[in-house]
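Student: Structure below; questions to follow.
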Amino acid sequence: MKKLITLTIGAVIFLFPYLGDQNQPLPRQAKLMDSVTNSPEANYANYCASCHGNKVEAFADRKWNHGKTRENLFESIKSGYEKGGMPGFRAAFKDDEIYGLSDYILKAIANVDRYTADPGTAKVNFFKSRLQNIKLDTVARDLGVPWAIGFLPNGELLVTERSNKLYLITKKKQPKLIGGLPKVWVEMQGGLFDIKVHPQYKTNNLVYLSYAAYKIEGKDTLSTTAVIKANFDGEKLTNAVKIFEALPYAKTRYHYGAKLEFDKENHLYISVGDRGSSKTGPQGLTTFMGKVHRINDDGGIPADNPFVNIEGSVKSTFSQGHRNPQGLALNPFTQQLWENEHGPRGGDEINIIEKGKNYGWPIISYGINYDGTILTNKVAQPGMEQPVIYWIPSIAPSGMAFVSGKVYKNWVGNVLSGSLRFNYLNRSVIK
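If you're matching positions, the sequence shown starts at 171 in my numbering and goes up one per residue.
Pasting the structure below:
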């Protein structure tokens, strides 16, 4: 596995050492330790991790109800909070150990706080980074929630808006509304999502759209991730055919995934999030949830998909164990499929997607639940892939692209990921 260092524009990314899988139960009353003073890292791993997670940075990314100064933390650890289920450790730790543990947590809090600095809005369209000058060029204005861009061979752009609008951005930078869209469920995270132009668009005029499809069952509106292919005649979509539908439909309105990418053999990859069914979807082959799927460009199933010969399996499944993949990109230098996805609180990931592999969700994760509770004590398990890189705190990745070509020659080969949470563009450098 290639190691990464991570640089940023407008913010800083930190990678933290893996402390190991600690499964020791937290004692209701801490026992007196021997006279040997353990390191803060060891004390956190042995006494705190089972309730607060293996990664202290994920624990630090939380609301501090009792304050987060050095003295606040010292008092919390020493005396505990009985009503909140937090035992006191006055019998287990010496005062200098408690202060050491407090300082260890404070360091993690400082690292998390560095993300929260507002990078601001560019006041000019030209500026310098460490390696590369950057020019911003506005190609369209006053869009609602633009979600994806499809690049046409003539230099024009097709832009999806989540509210179920599709625009053609002409060479004169004028948005033109396009007709012929499918019926889309627009609510919360649902809407019109990704667009991909077929690699042979010049001869077939095909484009592919992912969206939140829906149906009514009794009093409930259920939705799922679906994909259509259609011809584009410059004014509207025609001959639209639904070629993918993630079953079953669900009541939830989040974790659709819905990213699209083609490989060099014209296979179409489609990400589908767990839709909130983390306990039943990502680790089973009988549902579409929590997977990256691979189909032919006409919607058929490739004969060499990894699970086509397993009875009862979803034949389009290419990889499993995903939470909510929000970026897919084909590495133009290796032809490998790369992906980024949302973790819970902490543990956003970049992965190299390989045929038939299991990426672990929710059995292994570097994150914790949003309420601070532990969803799993495991960050690794045999048979499950490790991410190429993970972020703590979560940056909420949005989209992914490899830098190629001559415009940004000092960034060629780097991976770009957007951050929804912290409003910056992250550049990861492959070492």
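All C-beta atoms in this analysis are idealised placements derived from N, C-alpha and C, irrespective of residue type, glycine included.
Buried or exposed for Lys305, please, with buried defined as at least 16 other CB atoms from any protein chain shown within 10 angstroms of its CB.
Tutor: Counting from one through the sequence shown, the residue named residue 305 turns up at place 135. Exposed: under 16 other Cβ atoms inside 10 Å.
Student: Taking C-alpha atoms, which residue in Lys341, Tyr337 and Met358 lies nearest to Gly350?
Tutor: Here the question's residue 350 lines up with position 180 in the sequence shown. Looking at the Cα atoms, Tyr337 is the closest of the given residues.
Student: Taking only runs of the beta strand (DSSP E) that begin and end inside the region 346-425, which ones reach a length of at least 3 residues, in chain order?
Tutor: As far as the region 346-425 is concerned, its whole beta strand (DSSP E) runs of at least 3 residues are 362-367, 376-387, 390-402 and 407-415.
Student: Looking at C-alpha atoms only, which residue of His512, Asn466, Ala571 and Leu545 is the closest neighbour of Gln506?
Tutor: In the sequence shown, the residue the question calls residue 506 occupies position 336. It is Ala571.
Student: List in chain order: all unbroken beta strand (DSSP E) runs of 3+ residues lying wholly within the region 255-311.
Tutor: Fully enclosed beta strand (DSSP E) runs of 3 or longer: 296-298 and 303-305.
Student: Rounded C-beta distance between Gln302 and Asn596? I'm assuming under 8 angstroms.
Tutor: The residue labelled residue 302 in the question sits at position 132 within the sequence shown. The residue labelled residue 596 in the question sits at position 426 within the sequence shown. In fact, because the Cβ distance is near 15 angstroms, the residues do not count as touching under 8 angstroms.
Student: Around the C-beta of Leu202, are 16 or more other C-beta atoms found within 10 angstroms, so that it is buried, or is it exposed?
Tutor: Counted from its first residue, the sequence shown places residue 202 at position 32. Residue placement at Leu202 cannot be trusted, given a pLDDT of 37 that sits under 50; the coordinates are not used to answer.
Student: According to DSSP, which residues form a beta bridge with Asp518?
Tutor: Reading the sequence shown from its first residue, position 348 is the one you call residue 518. DSSP, once it has assigned bridges, lists Trp561 as partnering Asp518.
Student: Relative to the C-alpha of Asp468, which candidate in Thr395, Asp403, Val377 and Arg284 has its C-alpha closest?
Tutor: On the sequence shown, position 298 is the one that residue 468 refers to. With distances taken between Cα atoms, Asp468 lies closest to Val377.
Student: Quick check: what's the CA-CA separation for Val582 versus Leu271?
Tutor: For the purposes of this step, residue 582 is identified with residue 412 of the sequence shown, where counting begins at 1. For the purposes of this step, residue 271 is identified with residue 101 of the sequence shown, where counting begins at 1. Rounded to the nearest angstrom, the two C-alpha atoms are 42 angstroms apart.
Student: What residue ranges within the region 527-597 form continuous alpha helix (DSSP H) runs of no fewer than 4 residues, ordered along the chain?
Tutor: Here no run is fully enclosed.
Student: Considering just the uninterrupted stretch of the alpha helix (DSSP H) at Val226, what are its terminal residues?
Tutor: Locating residue 226 in the sequence shown gives position 56, where the first residue counts as 1. Where Val226 is concerned, the enclosing alpha helix (DSSP H) stretches over Val226 to Ala230.
Student: Out of Met358, Asn208, Pro210 and Lys225, which one is the CA nearest neighbour of Ile538?
Tutor: Here residue 538 is taken as the residue at index 368 of the sequence shown, counted from 1. Of Met358, Asn208, Pro210 and Lys225, the residue nearest in Cα terms is Lys225.
Student: Give the secondary structure of Ser220 by DSSP, where H, G and I count as helix, E and B as strand, and everything else as coil.
Tutor: Within the sequence shown, numbered from 1, the residue matching residue 220 stands at position 50. In this structure, Ser220 counts as helix in the three-state DSSP scheme.
Student: Take Ser209 and list the residues in its own chain whose beta-carbon comes closer than 8 angstroms to its own, dropping the five residues that flank it on each side.
Tutor: Indexing the sequence shown from 1 puts residue 209 at position 39. Excluding residues within five positions, the ones whose Cβ falls inside 8 angstroms are Gly270.
Student: Are the region 481-498 and the region 432-452 touching, with three or more C-beta to C-beta distances below 8 angstroms?
Tutor: Yes: the two stretches touch, three or more of their Cβ pairs being nearer than 8 angstroms.
Student: Please classify Leu328 as buried or exposed, where buried requires at least 16 other C-beta atoms within 10 Å of its C-beta.
Tutor: As a working note, residue 328 is residue 158 in the sequence shown. Buried, since its Cβ has 16 or more Cβ neighbours within 10 Å.
Student: What are the partner residues of Arg464, as DSSP defines its beta bridges?
Tutor: As a working mapping, residue 464 is identified with position 294 in the sequence shown. Arg464 is bridged to Tyr439.
Student: How many angstroms separate the CA atom of Lys412 from the CA atom of Val442?
Tutor: Looking up residue 412 in the sequence shown gives position 242. Looking up residue 442 in the sequence shown gives position 272. Whole-angstrom Cα-Cα distance: 16 angstroms.
Student: Run through DSSP, which three-state label would Lys335 get?
Tutor: Stepping through the sequence shown from its first residue, residue 335 is reached at position 165. Three-state result, Lys335: strand.
Student: Can you list the beta strand (DSSP E) stretches of 3 or more residues lying completely in the region 458-502, in chain order?
Tutor: The qualifying runs are 461-465, 487-490 and 495-500.
Student: For Pro197, which residues in the same chain have their Cβ closer than 7 angstroms to its Cβ, ignoring the five residues on either side in sequence?
Tutor: In the sequence shown, counting from the first residue as 1, residue 197 sits at position 27. For Pro197, the pLDDT reaches just 33, beneath the cut-off of 50, and the residue's location in the model is therefore unreliable, leaving the point undetermined.
Student: Do Thr340 and Glu326 have their beta-carbon atoms positioned less than 8 angstroms apart in this structure?
Tutor: What you label residue 326 is simply residue 156 of the sequence shown in a count that begins at 1. What you label residue 340 is simply residue 170 of the sequence shown in a count that begins at 1. Result yes, Cβ atoms of Glu326 and Thr340 sit closer than 8 angstroms.
Student: Would you mind sorting Phe519 into buried or exposed? The rule is 16 or more other CB atoms within 10 Å of its CB.
Tutor: The residue you call residue 519 lines up with position 349 of the sequence shown. Note on residue identity: the sequence assigns Glu, not Phe, to residue 519. Buried, by the Cβ-count rule.
Student: Please go through the same chain and pick out, in chain order, the residues whose beta-carbon is closer than 8 angstroms to the beta-carbon of Tyr256, but skip the five residues on each side of it.
Tutor: As a first step, residue 256 must be located in the sequence shown, where it is residue number 86. First, the residue type needs correcting, since residue 256 is Met and not Tyr in the sequence shown. Answer for Met256: Ser246 and Gly250, listed in chain order.
Student: Apply the 10 Å Cβ neighbour rule to Leu347 and answer buried if 16 or more other Cβ atoms are within range, or exposed otherwise.
Tutor: Here residue 347 refers to the residue found at position 177 when the sequence shown is read from its first residue. It counts as exposed.
Student: At which residues does the alpha helix (DSSP H) containing Asn242 begin and terminate?
Tutor: The residue given as residue 242 occupies position 72 in the sequence shown. Per DSSP, Asn242 belongs to the alpha helix (DSSP H) from Arg240 to Ser249.
Student: Kindly give me the distance between the Cβ atoms of Phe458 and Ala428, rounded to whole angstroms, as I take these residues to be in contact under 8 angstroms.
Tutor: Taking the first residue of the sequence shown as 1, we reach residue 458 at position 288. Taking the first residue of the sequence shown as 1, we reach residue 428 at position 258. Contact flag wrong, Cβ pair sits at about 12 angstroms.
Student: Mind checking Ser598: buried by the 16 CB within 10 Å criterion, or exposed?
Tutor: The residue given as residue 598 occupies position 428 in the sequence shown. Burial call: buried.
Student: By a C-beta neighbour count over all protein chains shown, 10 Å radius and 16 as the cutoff for buried, is Thr504 buried or exposed?
Tutor: Start at 1 with the first residue of the sequence shown, and residue 504 comes out as number 334. Exposed, since its Cβ has fewer than 16 Cβ neighbours within 10 Å.
Student: If you drop the 5 nearest sequence neighbours on each side, which residues of the same chain put their C-beta closer than 7 angstroms to that of Arg591?
Tutor: Here residue 591 refers to the residue found at position 421 when the sequence shown is read from its first residue. Here the set comprises Ser564, Ile565 and Ala566.
Student: Which residue marks the beginning of the alpha helix (DSSP H) containing Glu326, and which one marks its end?
Tutor: By 1-based counting over the sequence shown, the position of residue 326 is 156. From DSSP, Glu326 is part of no alpha helix (DSSP H); its letter is neither H nor E.
Student: Got a sec: is the Cβ-Cβ distance from Pro532 to anything in chain B below 8 angstroms?
Tutor: Looking for chain B here will not work: only one protein chain is present.
Student: Select from Cys221, Leu276, Lys238 and Arg240 the residue whose C-alpha is nearest the C-alpha of Glu227.
Tutor: Your numbering for residue 227 matches position 57 in the sequence shown. Nearest of Cys221, Leu276, Lys238 and Arg240 to Glu227, Cα basis: Leu276.
Student: Compute the beta-carbon to beta-carbon distance between Tyr424 and Gln359, rounded to the nearest angstrom, for a pair I have assumed lies under 8 angstroms.
Tutor: Taking the first residue of the sequence shown as position 1, residue 424 is located at position 254. Taking the first residue of the sequence shown as position 1, residue 359 is located at position 189. That pair is a contact at about 4 angstroms.
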